[in-house]
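Since the structure comes first, as structure tokens, the remarks are kept for the end.
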Amino acid sequence: MVHSLTDTETHILAALGRGDRVVTEQVYRQNYPIINGWLIKNGGNAEDAADIFQEAMVVLFGKAQNPDFRLTSSVSTYLLAVSKHLWYKKLQQLQRAPQRLADDGEEGSHDATYEEDLKVHLEREAHYEQLNASLDMLGEPCRSLLKAFYHHDKSMQEISADFGYTNPENAKTQKYKCLMRLKKLFFATQAK
Amino acid sequence: MNFNNISELAEAWVNNTMSQADKAALQARMEADAEFAIEFNEHIALIQALNGNGSQKRFRNMLKDIAREQAAPVQKKKIIQLPAHFWRTSAVAASVALLTSFLTYTIISNTSHKPNPDYSTISREVDHLKREQQKQQATQNAIMDSLSRKNAPASPVSDARYSGTGFALTNDGYFVTASHVVNNGDFDSVYILNKDGQYYKAFLVNFDSKSDIAILKVEKKNFRFGKLDVPYALQGEKASLGTRIFTLSYPNDDAVYSEGYISCKNGYDGDDKQYTLQLPAGHGQSGSPVLDEDGQVLGILTAISSPGQANTYAVGTESLNDLLQKMPPGNKLHLAHGNKLGRQWHEQQISELQNYTFSVKVYKK
Chain A
1 MVHSLTDTET HILAALGRGD RVVTEQVYRQ NYPIINGWLI KNGGNAEDAA DIFQEAMVVL
61 FGKAQNPDFR LTSSVSTYLL AVSKHLWYKK LQQLQRAPQR LADDGEEGSH DATYEEDLKV
121 HLEREAHYEQ LNASLDMLGE PCRSLLKAFY HHDKSMQEIS ADFGYTNPEN AKTQKYKCLM
181 RLKKLFFATQ AK
Chain B
193 MNFNNISELA EAWVNNTMSQ ADKAALQARM EADAEFAIEF NEHIALIQAL NGNGSQKRFR
253 NMLKDIAREQ AAPVQKKKII QLPAHFWRTS AVAASVALLT SFLTYTIISN TSHKPNPDYS
313 TISREVDHLK REQQKQQATQ NAIMDSLSRK NAPASPVSDA RYSGTGFALT NDGYFVTASH
373 VVNNGDFDSV YILNKDGQYY KAFLVNFDSK SDIAILKVEK KNFRFGKLDV PYALQGEKAS
433 LGTRIFTLSY PNDDAVYSEG YISCKNGYDG DDKQYTLQLP AGHGQSGSPV LDEDGQVLGI
493 LTAISSPGQA NTYAVGTESL NDLLQKMPPG NKLHLAHGNK LGRQWHEQQI SELQNYTFSV
553 KVYKK
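Line by line, the protein sequences are chains A and B. Counted the way my numbering counts, the first sequence spans residues 1 to 192. Counted the way my numbering counts, the second sequence spans residues 193 to 557.
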């Protein structure tokens, strides 16, 4: 039974990493009420719960991008622990951190792992933010073209039609030109 | 190997679409030219960041969408396809009206021997009317959408989502729904949700937007709808006027039964591939099977005539059979010939039918 359980968790992680909607919905349905309940007890409201929980899901999504990643705990335990850490951080920012969070402490020894995961997550967020800022500095059509391809996952065929290129090859050539310009901008801001 | 388009090279590297020979050439160049190596690595970092950022953005959007849905489970299926037929129906009605007046005009003008220069004008006017109605429908949809989500943040327009009903063709996963339910192929993913609340991903096999029929298949290997073969057969000939009919559909996640009769042998605007039915139908019921009392499938629900829902239209099985003749290679469908429902009580028929009918959910970003 242990095997089948870990198999399921690995399967869930892989599906989450791919952004599979059905599995994500299941994980959401199963875990959101738990985190919502915990947060209400600890001074949050439903809106905080949605924010925190979704952020925790994104942390897990980030971890799941690495195919070798294995959870040492169940998906549920992981999400709850990350949510607690995220909430604690938020309270610290708001400078109303309580001395100790209610029913906290069972994950004790794993704290460092979660802290590390959050640190990686925040660094990545900052990195992406810089990338988005560089994207916004690009002129048109580059900005829209790259967003269509990378953010909206459109095919070069669709893009070529939407942007009025005569064929996907021309759109591709334009995309590579845009990438060159974006690269200059992005690494210039990083160097600063 | 061409080193000029470094972006293209980096993309091929990241997507792992590069040949071994090219990889080797590239590595050799990187070892020889440190400047090039830095440049190339920067390009790879950029593309990886763009990919990662993009997929994370889509994941975040999906989470928001799921949150919205779970917050308002009752209202989640407000965007449904059937209303799309209102504009079509009314556009056709408008064009019929225009055509009638035009015909009257020609008759009059013929009797008075005048040339009639208005043909193209009228057709353009029809186009214009259609466009107007399309626009109105779009605003209407937007309003309905915003009403249904008044407690949630506004969503991007491109988040459209459709839901309809489907029924099994073969026990191993082929099924039918209305082509407009799957947006005539323009969607990101399709799932069926069966009576046990399980989702299965499906893919489009074939569709015909003219007759409004689509054939899909459940992706899962060794999938079975029920323990036995599909219990109903497709009716070969056209059913007669007044035939008692019933249907099972999934306007929500629960099966809904309704019954009625064939009120006209032809469908909308005399379409002889369709039936006109007296049968209550509404949102989310497109794609439902229409069965006679013996449990033979006569057609597929496709449209209702107006907001008054005076008439319901179904495409006859003839069009389905036509589409089945034109399946892409590699699709072998073993249709059931026997009709096991014929010998059963009506309640038994309905309960049996629930294994082979389901909600069809279509996602589009």
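For each residue, glycine too, the CB sits at the ideal point set by N, CA and C.
* Asked: Can you give, in chain order, each stretch of the alpha helix (DSSP H) that sits fully within the segment 197-226 of chain B and has at least 4 residues?
  -> 198-207, 212-224
* Roughly how far, in whole angstroms, is the beta-carbon of B:I437 from the beta-carbon of B:L483, given that I think they are within contact range, below 8 Å? -> Locating residue 437 of chain B in the second sequence gives position 245, where the first residue counts as 1. Locating residue 483 of chain B in the second sequence gives position 291, where the first residue counts as 1. That pair is a contact at about 6 Å.
* Which partner residues of A:I40 appear in the DSSP bridge assignment? -> Locating residue 40 of chain A in the first sequence gives position 40, where the first residue counts as 1. Looking at the DSSP assignment, A:I40 forms no beta bridge with any residue, so it has no partner.
* Taking the Cβ atom as the reference point for each residue, do B:I585 and B:V554 lie within a distance shorter than 7 Å? -> This structure does not reach residue 585 of chain B, given that chain B is present from 193 up to 557, and the question cannot be answered.
* **chain A within 7 Å of B:A352, Cβ atoms only** => Here residue 352 of chain B refers to the residue found at position 160 of the second sequence. Annotation note: pLDDT 38 at B:A352 (below 50); position unreliable, no value reported.
* Determine the direct distance from the alpha carbon of A:A50 to that of B:A346, and round the result to whole angstroms. => Locating residue 346 of chain B in the second sequence gives position 154, counting from the first residue. Locating residue 50 of chain A in the first sequence gives position 50, counting from the first residue. Summary for B:A346: the model assigns pLDDT 32, below 50, so the residue's position carries little reliability; its value from the coordinates is reported in the next sentence. Whole-angstrom Cα-Cα distance: 16 Å.
* List the residues of chain B whose Cβ lies closer than 8 Å to the Cβ of A:E123, in chain order. => Here residue 123 of chain A corresponds to residue number 123 of the first sequence, with the count starting at 1. Against chain B, a Cβ distance below 8 Å from A:E123 picks out nothing, because the smallest value is about 12 Å.
* To do: Could you check the C-alpha separation between B:T209 and B:L201 for me, to the nearest Å?
  => For the purposes of this step, residue 209 of chain B is taken as the residue at position 17 of the second sequence. For the purposes of this step, residue 201 of chain B is taken as the residue at position 9 of the second sequence. B:T209 and B:L201: Cα-Cα distance of roughly 10 Å.
* To do: Would you tell me roughly how many angstroms separate the C-alpha atoms of B:L135 and A:E123, rounded to the nearest one?
  => One cannot answer for residue 135 of chain B here, as it falls past the ends of chain B, which runs 193 to 557.
* chain B contact residues for A:E47, given Cβ-Cβ distances below 8 Å -> Reading the first sequence from its first residue, position 47 is the one you call residue 47 of chain A. Chain B residues near A:E47: none, gap ~10 Å exceeds 8 Å.
* To do: Starting from A:G19, find everything on chain B with Cβ-Cβ shorter than 7 Å and list it in chain order.
  => Residue mapping note: residue 19 of chain A aligns to position 19 of the first sequence, counting from 1. The contacting residues are S247, R250, F251, M254.
* To do: In angstroms with no decimal places, state the Cα-to-Cα distance between B:G434 and A:Y28.
  => Numbered from its first residue, the second sequence carries residue 434 of chain B at position 242. Numbered from its first residue, the first sequence carries residue 28 of chain A at position 28. Rounded to the nearest angstrom, the two C-alpha atoms are 49 Å apart.
* Could you name the residues of the segment 423-451 of chain B whose beta carbon sits closer than 7 Å to any beta carbon of chain A, in the order they occur along the chain? => none
* To do: Could you list which residues in chain A have their beta carbon closer than 7 Å to that of B:I258, in chain order?
  => Position 66 of the second sequence, counting from 1, holds the residue named residue 258 of chain B. Simply T24, E25, Y28.
* To do: Please go through the segment 56-137 of chain A and give each complete beta strand (DSSP E) segment of 3 or more residues, from N-terminal end onward.
  => none
* Asked: For B:Q262, which of helix, strand or coil comes out of DSSP?
  -> Within the second sequence, residue 262 of chain B is the residue found at index 70, counting from 1. Helix at B:Q262.
* Contacts that A:M57 makes with chain B (C-beta to C-beta distance below 7 Å) -> Position 57 of the first sequence holds residue 57 of chain A. Residues of chain B passing the Cβ test: L255.
* Asked: Does DSSP put A:A49 in a helix, a strand or coil?
  -> Along the first sequence, one-based indexing puts residue 49 of chain A at 49. Residue state, collapsed to three classes: helix.
* **contact_flag[the segment 471-490 of chain B, the segment 421-430 of chain B] where n(CB pairs < 8 Å) is 3 or more** => yes
* Segment limits, alpha helix (DSSP H) that includes B:T504 -> As a working mapping, residue 504 of chain B is identified with position 312 in the second sequence. Counting along the chain, B:T504 falls outside any alpha helix (DSSP H), though it belongs to the beta strand (DSSP E) covering 504-508.
* Decide if A:T166 is buried, meaning its Cβ has at least 16 other Cβ atoms within 10 Å, or exposed. => For this step, residue 166 of chain A is matched to residue 166 along the first sequence. So A:T166 ends up on the exposed side.
* Output yes or no for whether 7 Å exceeds the beta carbon distance between B:K564 and B:E411. => What the structure shows of chain B is the stretch from 193 to 557, and residue 564 of chain B is not part of that stretch, so it cannot be assessed.
* Provide the residue(s) that pair with B:A406 in DSSP beta bridges, ordered along the chain. => Locating residue 406 of chain B in the second sequence gives position 214, counting from the first residue. According to DSSP, B:A406 bridges with B:T369, B:F399.
* Taking a cut of 8 Å between CB atoms, which residues from the segment 118-144 of chain A lie near chain B? -> R124, H127, Y128, L131, N132
* Asked: Taking the alpha-carbon positions, what's the A:K119 to B:V373 distance?
  -> As a working note, residue 119 of chain A is residue 119 in the first sequence. As a working note, residue 373 of chain B is residue 181 in the second sequence. About 44 Å.
* Asked: How many Å lie between B:A369 and A:L185 at the Cα?
  -> To locate residue 369 of chain B, count along the second sequence from 1; it is residue 177. To locate residue 185 of chain A, count along the first sequence from 1; it is residue 185. In the sequence as presented, Ala is not what sits at residue 369 of chain B; that position holds Thr. In a straight line, the C-alpha of B:T369 is about 49 Å away from that of A:L185.
* Determine which residues share a DSSP beta bridge with B:I384 and list them. => Residue numbering aside, residue 384 of chain B sits at position 192 when the second sequence is read from its first letter. Paired residues: B:Y392, B:V552.
* Asked: Per DSSP, what kind of secondary structure is A:V23 in: helix, strand or coil?
  -> Along the first sequence, one-based indexing puts residue 23 of chain A at 23. In the structure shown, A:V23 sits in a helix (DSSP, three-state: H, G or I).
* Asked: Hey, is the segment 533-543 of chain B in contact with the segment 464-482 of chain B, meaning 3+ C-beta pairs nearer than 8 Å?
  -> no
* To do: Show which residues of chain A have a CB atom less than 7 Å away from the CB atom of B:Y383.
  => Indexing the second sequence from 1 puts residue 383 of chain B at position 191. The answer, in chain order, is V22.
* To do: Can you have a look at B:Q212 and say buried or exposed, based on whether 16 or more other CB atoms are within 10 angstroms of its CB?
  => Looking up residue 212 of chain B in the second sequence gives position 20. B:Q212 should be labelled exposed.
* To do: Report all residues from its chain with a CB closer than 6 Å to the CB of B:C456; omit the five preceding and five following residues, and keep chain order.
  => Numbered from 1 along the second sequence, position 264 holds the residue referred to as residue 456 of chain B. Closer than 6 Å at the Cβ level, and outside the excluded window around B:C456, lie T468.
* Asked: Assuming A:K183 contacts B:H235 under a Cβ cut-off of 8 Å, what Cβ separation, rounded to an integer in Å, is found between them?
  -> Your numbering for residue 183 of chain A matches position 183 in the first sequence. Your numbering for residue 235 of chain B matches position 43 in the second sequence. The pair is a contact, with the Cβ atoms about 6 Å apart (cut-off 8 Å).
* Asked: Residues in the segment 228-240 of chain B with C-beta within 8 Å of chain A's C-beta atoms, listed in sequence order?
  -> E234, H235, L238, I239
* Who are the neighbours of B:E200 on chain A, taking C-beta pairs under 7 Å? -> The residue given as residue 200 of chain B occupies position 8 in the second sequence. Those within 7 Å of B:E200 in chain A are Y176.
* DSSP beta-bridge partners for B:Y467? -> Locating residue 467 of chain B in the second sequence gives position 275, counting from the first residue. Answer is B:A506, bridged to B:Y467.
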